[in-house]
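In the working numbering, the protein residues as written are -5 to 72.
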């Protein structure tokens, strides 16, 4: 990609390569630029809580989670 995150290009390209609309995709991120890119692409964004407060992640439009073990339930596949 010519334009790195926070540009949404990478997520739009990923959706296109899967034949999906970005709004039907879920992005799993752990960085503010990645969260911003996912949101700008129109995707649902799940944010792994590491060193940033949950409130900051929520303010960016992400849904925070604390463990990868939570992903199946968040994605509705548990």
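Even glycine gets a Cβ: it sits at the ideal position worked out from N, Cα and C.
For residue j and residue i, the rounded distance between their alpha carbons
i	j	result
residue 12	residue 67	22 Å
residue 70	residue 44	23 Å
residue 24	residue 3	18 Å
residue 50	residue 33	14 Å
residue 8	residue 36	12 Å
residue 22	residue 42	7 Å
The ligand ATP heavy atom lying under 7 Å from the CB of residue i
i	result
residue 5	Absence of the ligand ATP is noted for the structure shown, with no ligands found whatsoever.
Residues of its chain near residue i, where Cβ-Cβ distance is below 6 Å and the 5 sequence neighbours each way are ignored
i	result
residue 54	29
residue -3	3
residue 57	40
residue 72	66
Residue i classed as buried or exposed, judged by whether at least 16 other C-beta atoms fall within 10 angstroms
i	result
residue 6	buried
residue 63	exposed
residue 27	exposed
residue 47	exposed
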